[in-house]
Amino acid sequence: MESPPSTSKLGRAPPLTLDILNDDVLYEICSYVSTIHENSPYGYFTPLKNLSLVNRHFRDITVPILFRNVRIVTPERHSDVVTEGDWKIARAAMDGLEGFMKHIKMLTFDIYGYKHPTQPPLQQDMDRIAHFLGSLPRLHKFIFCVPKPHVPFLASSFKVANITLSAVKTLFFNPVSIFIVPMCPAVETIIMHTPYYDGIDQETEASVEAYKVQLIEALSSAKQLQRFEAAGSWSESDVNGLRIVAPNLKHLNMIGGGYNGYASPLSAIFPALSQFEHLEHLDVETAFRLGMGYHPPFCGNAYMGPGGDELRKEVGERGVQTEEKVAQMAFSACKALKELWVGDHARAVVVRDGKGGIKDVKWTRGIQRIGEI
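-18 is the number of the first residue of the sequence shown in my numbering; add one for each residue after it.
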């Protein structure tokens, strides 16, 4: 029996290093590393940056990953310094990204604090943003937050620049920035908040209705819209208006506005919802904010002392009953509906028979719904 050849005859195998892997394999490794975060005293840093500094080859491979998700945001949201916008950060970011704009797929622009600006912005800053956005050929997801006093200036710059964000599929914006919707002709997902009567904007009923008219007009340009999420006091007329301009919606998230949730009881809104023939996913408010007769006590004292446990049990049972009632109404009204969320922790999936009727509804409770943004 022959003995195996010695390692001296075979020669020593070359050491396995990352450099000998082909670029496709390295890219997959880098993509995975980009999802890892490590704690540091200075916040969260991705080790992908360290990997990119090892050698030029790694840097060339990791650059598209490093710059695909860019956030231009202020780190001092509560500071009065950024009331007029943290333009120092914005200018530095746009300057620094000059050579990497072709890699940006996701962009968050939010450089303002929680107080409204009191001074007009510099026109060159507005023009610079418009030029910057118009130079992002692969921008896929855009989160855009600009306060009301500065919006007219920005809208003017966008109009003069005549830009089109043709690659944007997901758009998140505050309602005063409706002007940006027609600039995204390929948008499929829109997430926004409708203006409130109180709060920082101090809107009136008339101004809120005016925003709704502008929104419906703007949405008519979004021919590929599949998903719409909006927070506000939804009414039957709001849903009807949305149906006219976006009849092919597959996912509708009706986040409520204010304590009372909707302007109309959900039961009154279902006839309008039933007109969405392709609606597969529907998200509605939590049970006690749907106008369905479920009004649990919110004061903790109600559950203390004698009878507290029984009341808590009764309230929980009534909540479940309300959720089940809503599900039956939803799946009966919307024939294509597959999934319903009631609030953030109750998910219902329907099982239909061969004729589209309701055979069973399967519930999952206690899990947290994950939003799009």
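Here a beta-carbon is modelled for each residue, glycine too, at the ideal position from N, C-alpha and C.
Rounded to whole angstroms, what's the CA-CA distance from residue i to residue j? Just pull it up for me.
| i | j | result |
| --- | --- | --- |
| I85 | I46 | 9 Å |
| L120 | Q256 | 33 Å |
| V220 | A268 | 19 Å |
| D108 | A142 | 8 Å |
| R37 | H112 | 30 Å |
| R72 | D106 | 8 Å |
| S135 | L230 | In the sequence as displayed, the identity of residue 135 is Leu instead of Ser. Taking the straight line joining both Cα atoms gives about 30 Å. |
| D341 | V331 | 6 Å |
| A128 | S158 | First, the residue type needs correcting, since residue 128 is Pro and not Ala in the sequence shown. Whole-angstrom Cα-Cα distance: 8 Å. |
| A314 | P133 | 41 Å |
| W215 | H232 | 16 Å |
| T99 | F154 | 21 Å |
| L2 | R40 | 15 Å |
| D179 | E266 | At D179, the pLDDT of 41 sits below 50, so the modelled position is not reliable and the matter cannot be decided from this model. |
| E79 | L88 | 14 Å |
| I181 | M235 | Annotation note: pLDDT 46 at I181 (below 50); position unreliable, no value reported. |
| G213 | S188 | 14 Å |
| L114 | V168 | 15 Å |
| H131 | G66 | 10 Å |
| A308 | V323 | 8 Å |
| G289 | G297 | 12 Å |
| S147 | T170 | 14 Å |
| Q349 | E217 | 28 Å |
| L260 | I161 | 25 Å |
| K83 | A311 | 44 Å |
| G286 | M273 | 29 Å |
Helix or strand or just coil, what does DSSP make of residue i?
| i | result |
| --- | --- |
| I339 | strand |
| V194 | helix |
| F48 | coil |
| A74 | helix |
| E210 | strand |
| V220 | helix |
| L2 | coil |
| A329 | strand |
| W68 | helix |
| Y23 | Legend: pLDDT at Y23 = 44, less than 50; position of this residue unreliable, value from coordinates given subsequently. Residue state, collapsed to three classes: coil. |
| E186 | helix |
| L321 | strand |
| V63 | helix |
| I348 | coil |
| V162 | helix |
| I171 | strand |
| I225 | helix |
| I85 | coil |
| D334 | coil |
For residue i, count neighbouring C-beta atoms within 10 Å of its own C-beta (all shown protein chains included) and say buried if the count is 16 or more, exposed if not.
| i | result |
| --- | --- |
| G337 | exposed |
| Y243 | buried |
| F123 | buried |
| I225 | exposed |
| G300 | buried |
| I339 | exposed |
| S138 | buried |
| E190 | exposed |
| E9 | exposed |
| F279 | exposed |
| T345 | exposed |
| I103 | At residue 103 the sequence reads Leu, which differs from the Ile that was named. With fewer than 16 other Cβ atoms within 10 Å, it is exposed. |
| V194 | exposed |
| T303 | buried |
| M173 | buried |
| A211 | buried |
| T185 | exposed |
Are residue i and residue j closer than 9 Å when you measure CB to CB?
| i | j | result |
| --- | --- | --- |
| H262 | L318 | yes |
| L271 | P252 | no |
| V54 | F81 | no |
| A327 | K343 | no |
| G94 | V51 | no |
| D264 | L321 | yes |
| P156 | L196 | yes |
| K204 | E258 | no |
| P163 | S202 | yes |
| I42 | W68 | no |
Could you tell me whether the Cβ of residue i comes closer than 9 Å to any Cβ of chain C?
| i | result |
| --- | --- |
| S255 | Absent from the structure: chain C. Only one protein chain is present. |
| Which parts of the region 87 to 160 are runs of the alpha helix (DSSP H), unbroken and 4 residues or longer, counting only runs that do not cross its ends? | Within the region 87 to 160, the complete alpha helix (DSSP H) runs of at least 4 residues are 104 to 114 and 132 to 142.
| At which residue ranges does the region 284 to 316 contain complete alpha helix (DSSP H) runs of 4 or more residues, listed in the order of the chain? | 289 to 314
| Could you give the uninterrupted runs of the beta strand (DSSP E) lying entirely in the region 227 to 284, keeping only those of 3 residues or more? | Whole beta strand (DSSP E) segments, 3+ residues: 232 to 237 and 262 to 265.
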